[in-house]
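Taking it in order: structure first as structure tokens, then the write-up.
Number of protein chains: 2
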Amino acid sequence: MRKGVGMAVTSRDVARLAGVSQPTVSRALRDDPRVSEATKRSVREAADLLGYVPSDAGRALSSGRTHRIGLLVTDLENQFYAQIIAPVHLELERMGYQLMLHTETADNETVAERLIANGLDGVILATTTVDSIAPLRLRDRGLPFVYFNRTASFVDADATVVAPAAGFGQAAARAVSLGHRHIGAVLGPSNTSTAQSREIALRAALAQHGLALDPQNVRRGPFDTHSGDEATTSLLAQDSPPTLIFCGNDVVAYGALNAARRAGVSVPEDVSIIGFDDLPAASWPIIELSTIAYDFAEMAREAARLVTHRIEQADAPIAHIEFETAFIERRTLAAAAARV
Amino acid sequence: MRKGVGMAVTSRDVARLAGVSQPTVSRALRDDPRVSEATKRSVREAADLLGYVPSDAGRALSSGRTHRIGLLVTDLENQFYAQIIAPVHLELERMGYQLMLHTETADNETVAERLIANGLDGVILATTTVDSIAPLRLRDRGLPFVYFNRTASFVDADATVVAPAAGFGQAAARAVSLGHRHIGAVLGPSNTSTAQSREIALRAALAQHGLALDPQNVRRGPFDTHSGDEATTSLLAQDSPPTLIFCGNDVVAYGALNAARRAGVSVPEDVSIIGFDDLPAASWPIIELSTIAYDFAEMAREAARLVTHRIEQADAPIAHIEFETAFIERRTLAAAAARV
DNA sequence: TGCCATTATGCTTTCGTATGCACAACGGGT
DNA sequence: ACCCGTTGTGCATACGAAAGCATAATGGCA
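Here the protein sequences come in this chain order: A and B.
For what it's worth, my numbering labels the leading residue of the first sequence as 907, then goes sequentially.
For what it's worth, my numbering labels the leading residue of the second sequence as 907, then goes sequentially.
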């Protein structure tokens, strides 16, 4: 950029007007205690007068900090991530950081490179698979990052995760008391830590009551509505379908509800559905989904705090923060229908 | 930043290894035709070997371009904006730009300042109110911006907007043919151009059939589910409620469906509901919302293209791009119930 | 009155990349 | 053999803010 017409006002211009040096302007505007109140006042006045706005690039280059945090997700249209973005954004802003959204496209290889190239101070990984190499790359670069919700195997790092045992324990107990014995599940992708931990928790909870998942009644697929729809359609098409279906998350459960409706199967009379996450729509009167809840907004904020803390104190001990779950019973869970 | 341990590899390091000057590295990696193929190859090799990643800040400072575009929204949890972010993000990425999400908080005054301070090349305004001053500030700064969906009064700029007339025309015709005469509406905030244009289009469409909105059957509120719920609850509580309710958008319509369900009013037997936007959930079997559709994903991509085009060619003529609408009939619209 | 501590400010350099300009090397045409 | 055009590379510097260090101004105390 060589001297355009609309060239921005720089700290040097402010300095000239205020009759001080450029470094003094820099210090005054950042409220450095070494600058006198009188000077600060006149500098601020000059800055206001000129409409001075510090250059992000200049500051970044000089200080080595961008105050930008990347949030890596795959599917922005997924309601779960939509719910996450807002609290992360707000919490980061509260702490003086800006959020940069990044999506993981097909070629996983370049994701870490793109994150690194973007001059981020830190990264929140929200859709890591257990076998992802991105964390390795970030670690090698020395770029601070935290796991949100999902974790990867190769590298340990700060993480906020869900502890699904309690929620599934309560749900299973209630389901058994309602007479459910033939239980199905639409699980998430087996290369995600969330799908893995939920599957383990579900199986353990059922085992408490002497029950097990019949492999015939288990489906796996991405955490999205379409996948839940397909899987449930296939489950319900069987000769003796399960009376209750646990879904990998709420978004999948919406798909399950759609599949049941399309198949003319009543919920909860013919089949009960249980989700996971307790998204806002789960409690809508037209949905009323039974689900396993936890404070995902707080979990998102915690991830934001973890990453900024890691940036500011690189040698802090690694923190794994678990969020407890609880079963929330709504319309979509009812007594098991007698089987034919 | 004064010489840390994990200091990043710079173009100078690459230059040293490749035995060329730093500017040659810069040119070689950007595929400048003035650099010989042989040199390019050896520079690329050296860069790979060292794991060189160009500094965003350095490039931004030197070139005066950040390749970052801000997207300004209010409510990230709103499904409409969630649907918008993905296409904008992808289209920008395709054109070599990064998306920065910004939210409008309570103090509108500082929004423009925050956008300007963030070293953006351009901005997409998605939630402007007609009386917003942000566009003025951006124009004064010379920061390129475009309106998405909504426009403001004070400043003209590139815009992508919806043309609601056709959609409402079709919907009204169909509604009338189904016997609807007492029609209500839950409109958006009157300081948004979208709420204004939809209200005008709706009234005009009804007028075609000699109908008008009874002020008693009109409610206004924010474009969210809660507001749609409240407004509809109040509409339905009247002595002779409307047989059909037009909602400001789909998210509002979801609220209307919830309100009806809670009030024990059947949709569409007792009341019909029509939305606007055709969000993915509108076509779900458990929802099946009649609505007015347009290609919002393409509209989002177009906004992305407009802003980058404006950046690259500041003196291009201002473009206003309209997206046509069409009525989509689903379960929530049926024949009007006979009135008591 | 002189010295030192403190406070406030300025000078200089740095961060990493990009670009205008100078210039070296090379080759072809006469 | 000379000139000139072309091609490829280097040099110097700009971009804007921040920070280390130097130093001027001030005040207190002996």
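Glycine included, each C-beta is placed from N, C-alpha and C at the ideal position.
Remember, predicted model here, so these are calculated numbers, not experimental data.
One Cα belongs to residue 1004/B, the other to residue 1003/A, and the distance between them is close to 17 Å. Interface flag for residue 1025/A against chain B is set, since a Cβ pair is found closer than 8 Å. The three-state reading of DSSP puts residue 1004/A in strand, counting E and B together. Within the region 946-966 of chain A, 957, 959, 960, 961, 962, 963, 964, 965, 966 place their CB atoms closer than 9 Å to a CB of chain B, listed in sequence order. Secondary structure of residue 1081/B (DSSP, three-state): helix. Taking all protein chains in view, the Cβ of residue 1226/B is surrounded by fewer than 16 other Cβ atoms within 10 Å, so the residue is classified as exposed.
Here residue 1147/B has 1141 as same chain residues with Cβ atoms under 6 Å from its own Cβ, once five neighbours each way along the sequence are excluded. Between residue 1150/A and residue 1106/A, the beta carbon gap of about 19 Å keeps them out of contact (Cβ cut-off 8 Å). For residue 1210/A and residue 994/A, the gap between their C-alpha atoms comes out near 6 Å. Annotation: residue 1053/B is outside any alpha helix (DSSP H); the continuous beta strand (DSSP E) that includes it extends over 1051-1054. Taking residue 964/A as reference, the option from 915/A, 1191/A, 1185/A with the minimal CA-CA separation is 915/A.
Counting along the chain, no alpha helix (DSSP H) covers residue 1091/A; the unbroken beta strand (DSSP E) around it starts and ends at 1089-1093. Taking a contact to require three or more Cβ pairs closer than 8 Å, the region 1151-1171 of chain B and the region 1093-1102 of chain B qualify as touching. Taking 8 Å as the cut-off, the beta carbon of residue 1182/A is found closer than this to the beta carbon of residue 1104/A.
Closest option to residue 999/A, judged by alpha-carbon separation, among 973/A, 928/A, 940/A, 1184/A: 973/A.
About 18 Å separates the beta carbons of residue 1044/A and residue 1067/A, which is beyond the 8 Å limit, so they are not a contact pair.
In the structure shown, the three-state DSSP call for residue 962/A is helix. Residue 989/A is positioned such that its CB atom lies closer than 8 Å to that of residue 1185/A. Bridge partners of residue 1009/A according to DSSP: 979/A. Using beta-carbon distances, residue 1006/A counts as an interface residue toward chain B, with a partner under 8 Å.
Contact between the region 1042-1059 of chain A and the region 1076-1093 of chain A is not established, with fewer than three Cβ pairs separated by less than 8 Å. By the criterion of a C-beta distance shorter than 6 Å, residue 1206/B is surrounded in its chain by 990, 993, 994, once the five residues flanking it on both sides are discounted. Residues of chain B whose Cβ lies closer than 8 Å to the Cβ of residue 989/A are, in chain order, 983. Rounded to the nearest angstrom, the gap between the Cα atoms of residue 1192/A and residue 1242/A is 22 Å.
For the pair of segments examined, the region 945-953 of chain A was found to touch the region 921-931 of chain A: the number of CB pairs separated by less than 8 Å reaches three.
DSSP places residue 1066/B in the uninterrupted beta strand (DSSP E) bounded by 1065-1069.
Closer than 8 Å at the C-beta level to chain A, one finds these residues of the region 1142-1163 of chain B: 1160, 1163.
Cβ contact annotation for residue 1164/A (same chain, cutoff 6 Å, sequence separation greater than five): 1135, in chain order. For the C-beta of residue 1000/B, not a single chain A residue is nearer than 8 Å; the gap to the nearest is close to 11 Å.
At a cut-off of 8 Å, the C-beta of residue 1137/A has no neighbouring C-beta in chain B.
Residues of chain B with a Cβ closer than 9 Å to the Cβ of residue 1019/A are, in chain order, 959. Taking all protein chains in view, the Cβ of residue 985/A is crowded by 16 or more other Cβ atoms within 10 Å, so the residue is classified as buried.
Within the same chain, and ignoring the five residues on either side of residue 1040/A in sequence, the residues whose Cβ sits closer than 6 Å to its Cβ are 1017, 1018. Taking C-alpha positions only, residue 975/A is separated from residue 1026/A by approximately 6 Å. The beta carbons of residue 959/B and residue 1033/B sit about 35 Å from each other, so the pair does not count as a contact at 8 Å.
Looking at the backbone, the Cα of residue 1233/A and that of residue 1109/A are separated by about 16 Å.
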